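For what it's worth, the numbering used here labels the leading residue of the sequence shown as 38, then goes sequentially.
Glycine included, C-beta positions come from ideal geometry on N, C-alpha and C.
Remember, it's a predicted structure, so these values are computed and weren't measured experimentally.
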Amino acid sequence: MRRLIFAFAALFALAAVAKADEVKVGGDGLYHQDWFLQSFLDLKEDLQEAADAGKRLVILWEQKGCPYCKELHHVNFVDPAIRKYLQANFVVLQLDVWGARPVTDFDGKEMSEKKLARRYGVRFTPTIQFLPATVAATEGKAGKALEVTRMPGYLEPAPFLIMFRYVREKAYEKTPFRKYLRAEMKRSG
């Protein structure tokens, strides 16, 4: 009887943990995190708000049915260390490469998510664009030239978190990501 009670307690605990890490799919078919930015989709305003909060703005490009987007949400974003670091240091704006919502780019031009993805050269998902720390750094730049770096595709949790640290520390100003990644992976053992 004692074993049965213990088994039910363990099963209940596992179900509670699974429920806490449950990932929701929105009406648009994309996986969503409750801590993603809910925005009027004016990129200049979003960047300014992130900067005012001492954070960096990133654009997460996804599409319905993307298996690596699913992996990103079910593996990386449920990792407590990753989630905590991102929430403390970044503002994540999720956009759909095929989406029709109107977005105002940094130069004031309004276009659909799909057209903006094309303008930024986003060809597959997931793609994460890391934007400059300030609005002033976007002046006179358009499209892909705006970003400080890009994560094209899915990275497993360890290199994924390292990429975000690379941006937060502005290591991109002096070191290519591959070199930074090798050093960080070697350091962490």
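Residue i - DSSP class collapsed to helix/strand/coil
i	result
residue 61	strand
residue 70	coil
residue 112	helix
residue 280	It is not possible to answer for residue 280, since the shown part of the chain is limited to 38 through 226.
residue 175	helix
residue 144	coil
8 Å Cβ shell around residue i - same chain, five flanking residues per side excluded
i	result
residue 147	139, 140 and 141
residue 218	196, 199, 200 and 203
residue 90	128
Residue range of the unbroken beta strand (DSSP E) whose run includes residue i
i	result
residue 99	93-99
residue 147	147-149
residue 196	First-last for residue 196: 194-205, but that is the alpha helix (DSSP H), not the beta strand (DSSP E).
residue 189	186-189
residue 167	164-167
Whole-number beta carbon distance between residue j and residue i, since they are thought to touch under 8 Å
i	j	result
residue 186	residue 209	5 Å
residue 81	residue 128	Incorrect: roughly 13 Å between the Cβ atoms, too far for contact.
residue 184	residue 167	6 Å
residue 134	residue 151	7 Å
Sequence-distant residues of its chain with Cβ nearer than 6 Å to residue i (five each side left out)
i	result
residue 66	101
Per DSSP, the bridge partner or partners of residue i
i	result
residue 131	97
residue 83	Answer is none; residue 83 lacks a bridge partner.
residue 139	149
Start-to-end residues for the alpha helix (DSSP H) that takes in residue i
i	result
residue 214	214-225
Sequence-distant residues of the same chain with beta carbon closer than 7 Å to residue i, five excluded per side
i	result
residue 78	138, 139, 140 and 141
residue 221	199
residue 76	83 and 130
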